[in-house]
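The working numbering applies: residue 6 is where the sequence shown begins, and numbers increase by one. Even for Gly, the Cβ is constructed at its ideal location relative to N, Cα and C.
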Amino acid sequence: MSTTPAHPPTKSRRGIYLLPNLFTTAALFAGFFAIISAMEGRFSQAAIAIFVAMILDGIDGRVARMTNTQSAFGAQYDSLSDMVAFGVAPALIAYLWALAPLGTLGWVGAFFYTAAVALRLARFNTQVGIADKRYFQGLASPAAAALIAGLIWVGEVYEVEGASLAALVFAIAVLAAVLMVSNIRYHSFKELNLRERVPFVALMIIVLLFVLVSLGPPQVLFGAALIYALSGPVLTLSQIRRRRAQRKVAGLAGDGGSPRGKPG
């Protein structure tokens, strides 16, 4: 008697969503191109490639949400792409441009930044669906990469020798690494809905931003990255002060408004 089932089970065919992963692949390519450019001494092109990867990284997530093509594969692939484009690439560019003369300290600083990116991405993946989407916990890796790439791009524009800025590049790399693994909160801007109607003035502001960037891309982009990196500590300190003030007011209210806890 045959034990073969009349209808053998069919294997489920699995696939991936093409559209968002195309942008992720493009971001990965930009990061790899940045590494190749730095190895060939074309540091301006390397820095520009990092910013291109940032744009593509921002697009893939929004495309996935707008087209309802989010997936676990896409999330993991995006993290691996980020590790190359915003972890390995900026660290290698910084090392080749400025940190190499520092010897062991230079490559240790580059590795410290790379490890911080890996830890930041791992923590982010474990908090998906749990953390407040309005905020990032720690500086996002693309913003950290923008700090390093922006500084190098500015240095190349003004024809500054990277070795002369070794201490500054090392300090920024270490500071960015510390901010990434910290608990400091940063605005994520994920609450912005591109499908909703916006006031006409919002479009004018976007046009002005494009004009501002066009006047001096390296200076403006580096300045924006620096301001964003500093905004986290400022936001955190303001929230701490606000909570302390609220607790103080609540304590006075619980005491009946009298400093000694008795009616005046």
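(message) The alpha helix (DSSP H) that contains Tyr82, what's its start and end?
(response) Locating residue 82 in the sequence shown gives position 77, counting from the first residue. Here the alpha helix (DSSP H) through Tyr82 covers 77 to 88.
(request) Along the beta strand (DSSP E) that carries Phe141, what are the first and last residues, could you check? (result) Here residue 141 corresponds to residue number 136 of the sequence shown, with the count starting at 1. From DSSP, the beta strand (DSSP E) with Phe141 extends over 140 to 142.
(request) With distances taken Cα to Cα, identify the nearest neighbour of Leu144 among Val122, Thr72, Leu110, Tyr163. (result) As a first step, residue 144 must be located in the sequence shown, where it is residue number 139. For the residues Val122, Thr72, Leu110, Tyr163, the minimum Cα distance to Leu144 belongs to Val122.
(request) List in chain order: all unbroken beta strand (DSSP E) runs of 3+ residues lying wholly within the segment 108 to 167. (result) 140 to 142
(request) Would you check if there are 3 or more beta carbon pairs closer than 8 Å linking the segment 29 to 37 to the segment 89 to 102? (result) yes
(message) In this structure, how does DSSP classify Tyr191 when only helix, strand and coil are distinguished?
(response) Working through the sequence shown from its first residue, we reach residue 191 at position 186. Here Tyr191 sits in strand by DSSP.
(message) Taking the beta carbon of Leu104 as the centre, do at least 16 other beta carbons fall within 10 Å, making it buried, or is it exposed?
(response) The residue given as residue 104 occupies position 99 in the sequence shown. Its Cβ being crowded by 16 or more others within 10 Å, Leu104 is buried.
(request) Might you give, ordered along the chain, the residues of its own chain that have their beta carbon closer than 6 Å to the beta carbon of Phe78, omitting 5 neighbours on each side? (result) As a working note, residue 78 is residue 73 in the sequence shown. Ile21, listed in sequence order.
(message) Suppose you measure from the CA of Leu240 to the CA of Ala250; what does that come to, to the nearest Å?
(response) Here residue 240 corresponds to residue number 235 of the sequence shown, with the count starting at 1. Here residue 250 corresponds to residue number 245 of the sequence shown, with the count starting at 1. One C-alpha to the other measures close to 15 Å.
(message) Taking the alpha carbon of Leu24 as the reference point, which residue from Asn73, Ile60, Ile53, Val57 has its own alpha carbon closest?
(response) Taking the sequence shown and counting its residues from 1, the one referred to as residue 24 is at position 19. The residue with the shortest Cα to Cα distance from Leu24 is Asn73.
(request) Please go through the same chain and pick out, in chain order, the residues whose beta-carbon is closer than 6 Å to the beta-carbon of Ala149, but skip the five residues on each side of it. (result) Start at 1 with the first residue of the sequence shown, and residue 149 comes out as number 144. Cβ neighbours of Ala149 beyond the five flanking positions: Ala181, Met185.
(request) Note the first and the last residue of the continuous alpha helix (DSSP H) segment covering Leu184. (result) The residue given as residue 184 occupies position 179 in the sequence shown. Taken as a continuous stretch (DSSP letters only), the alpha helix (DSSP H) holding Leu184 covers 171 to 186.
(message) Between which two residues does the alpha helix (DSSP H) holding Arg70 run?
(response) Mapped onto the sequence shown, residue 70 falls at position 65. Here the alpha helix (DSSP H) through Arg70 covers 48 to 71.
(request) Report yes if the C-beta distance between Leu126 and Ser193 is below 9 Å; otherwise report no. (result) Position 121 of the sequence shown, counting from 1, holds the residue named residue 126. Position 188 of the sequence shown, counting from 1, holds the residue named residue 193. Contact flag unset, no.
(request) Take Arg139 and list the residues in its own chain whose beta-carbon comes closer than 8 Å to its own, dropping the five residues that flank it on each side. (result) Counted from its first residue, the sequence shown places residue 139 at position 134. So the qualifying residues of the chain are His192, Ser193, Lys195, Glu196.
(request) Would you mind stating whether Pro106 and Ala31 have Cβ atoms separated by less than 9 Å? (result) Taking the first residue of the sequence shown as 1, we reach residue 106 at position 101. Taking the first residue of the sequence shown as 1, we reach residue 31 at position 26. Cβ distance not < 9 Å, so Pro106 and Ala31 don't count as in contact.
(request) Measure the alpha-carbon distance for Trp112 versus Tyr100 and round it to whole angstroms. (result) As a working mapping, residue 112 is identified with position 107 in the sequence shown. As a working mapping, residue 100 is identified with position 95 in the sequence shown. Cα-Cα distance, rounded: 6 Å.
(request) Give the C-beta separation of Ile98 and Ile157 to the nearest angstrom, bearing in mind that I take them to be a contact with Cβ-Cβ under 8 Å. (result) Here residue 98 refers to the residue found at position 93 of the sequence shown. Here residue 157 refers to the residue found at position 152 of the sequence shown. Yes, Ile98 and Ile157 are in contact; Cβ-Cβ is about 6 Å, under 8 Å.
(request) Taking Val165 as the reference, give the member of Trp102, Met88, Leu124 with the closest Cα. (result) Along the sequence shown, one-based indexing puts residue 165 at 160. It is Trp102 whose Cα lies nearest to the Cα of Val165.
(request) Evaluate Glu161 with the Cβ neighbour count: other Cβ atoms within 10 Å of its Cβ, from every protein chain shown; 16 or more gives buried, anything less gives exposed. (result) Sequence index remark: in the sequence shown, residue 161 carries index 156 (1-based). The residue in question, Glu161, is buried, as its Cβ has 16 or more Cβ neighbours within 10 Å.
(request) Could you tell me whether the Cβ atoms of Ile153 and Ala96 are closer together than 9 Å? (result) On the sequence shown, position 148 is the one that residue 153 refers to. On the sequence shown, position 91 is the one that residue 96 refers to. Yes. Within cutoff.
(message) If you measure between the beta carbons of Val218 and Val225, is that distance less than 9 Å?
(response) In the sequence shown, residue 218 corresponds to position 213, counting from 1. In the sequence shown, residue 225 corresponds to position 220, counting from 1. Yes; because the gap between Cβ atoms is below 9 Å, this pair is in contact.
(request) Give every residue of the same chain whose Cβ lies closer than 6 Å to the Cβ of Met59, excluding the five residues on either side of it in the sequence, and list them in chain order. (result) As a position in the sequence shown, residue 59 is number 54, starting the count at 1. Correct list, in chain order: Pro147.
(request) If I'm right that Phe56 touches Ala151 with Cβ under 8 Å, what's the distance once you round it to whole angstroms? (result) Along the sequence shown, read from residue 1 onward, the residue named residue 56 stands at position 51. Along the sequence shown, read from residue 1 onward, the residue named residue 151 stands at position 146. Correct: roughly 7 Å between the Cβ atoms.
(request) Starting from the C-beta of Ile64, find all residues in its chain whose C-beta is less than 6 Å away, skip the five residues before and the five after it, and write them out in chain order. (result) Counted from its first residue, the sequence shown places residue 64 at position 59. Correct list, in chain order: Phe28.
(message) If you reduce the DSSP assignment to three classes, tell me which class Ser202 lands in.
(response) What you label residue 202 is simply residue 197 of the sequence shown in a count that begins at 1. Strictly speaking, residue 202 in this sequence is Arg, with Ser absent from that position. Of the three classes helix, strand and coil, the one that applies to Arg202 here is coil, per DSSP.
(message) Measuring only the C-alpha atoms, how far is Ser76 from Ala69?
(response) Residue mapping note: residue 76 aligns to position 71 of the sequence shown, counting from 1. Residue mapping note: residue 69 aligns to position 64 of the sequence shown, counting from 1. Whole-angstrom Cα-Cα distance: 8 Å.
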